[in-house]
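Data block below; observations after.
Residue numbers (the numbering used here): 12 to 141.
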């Protein structure tokens, strides 16, 4: 596995289209795939700066529906890195993203926790220069 890399992370969502609208229209992600597979769709979105894609997985059944917004038990588990925190924080706020608290400066960078429309907790982070 000398060239292994994390290419995608699955995010359970209530439906494909609202998730596509949030990530693409609201956050500027690129719709990188939307393939009909008869019983489901293969939908991926990619952040504007590249990196791992999100596989938008529409929940099926009680267990998966219960996991929407709580895939990591309430912890921050997704990290959206930016090269300009102020720009992206303002853009996201204008798009309706709700931040849990004001941005803070940590030894590793500027960070603020936000939630997507389904309750998943994310960090918006501008890493400190090393």
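We treat Cβ as the ideally placed atom computed from N, Cα and C, and that holds for glycine.
Query                                                                                             : Result
Length of the line joining the Cα atoms of residue 100 and residue 126                            : 13 Å
Cutoff 6 Å; reference residue 93; Cβ partners in own chain excluding five residues on either side : 99, 137
Inter-residue Cα distance where the pair is residue 43 and residue 113                            : 32 Å
N-terminal and C-terminal residue of the alpha helix (DSSP H) that residue 72 is part of          : 72 to 78
N- and C-terminal bounds of the beta strand (DSSP E) containing residue 115                       : 115 to 117
Coil, strand or helix - residue 98 by DSSP                                                        : helix
Environment of residue 17 [buried if 16+ CB atoms lie within 10 Å]                                : exposed
Assigned exposure category for residue 76 - 16 Cβ within 10 Å defines buried                      : exposed
Alpha-carbon spacing of residue 53 relative to residue 34, whole angstroms                        : 15 Å
8 Å CB neighbourhood of residue 104 in its chain, flanking five on each side removed              : 110
Pair within 8 Å by beta-carbon distance, residue 20 and residue 87                                : no
Where residue 104 sits in the DSSP three-state scheme                                             : helix
Three-way DSSP call (helix, strand, coil) for residue 86 in this model                            : coil
Cross-strand partners of residue 65 (DSSP beta bridge)                                            : 20, 56
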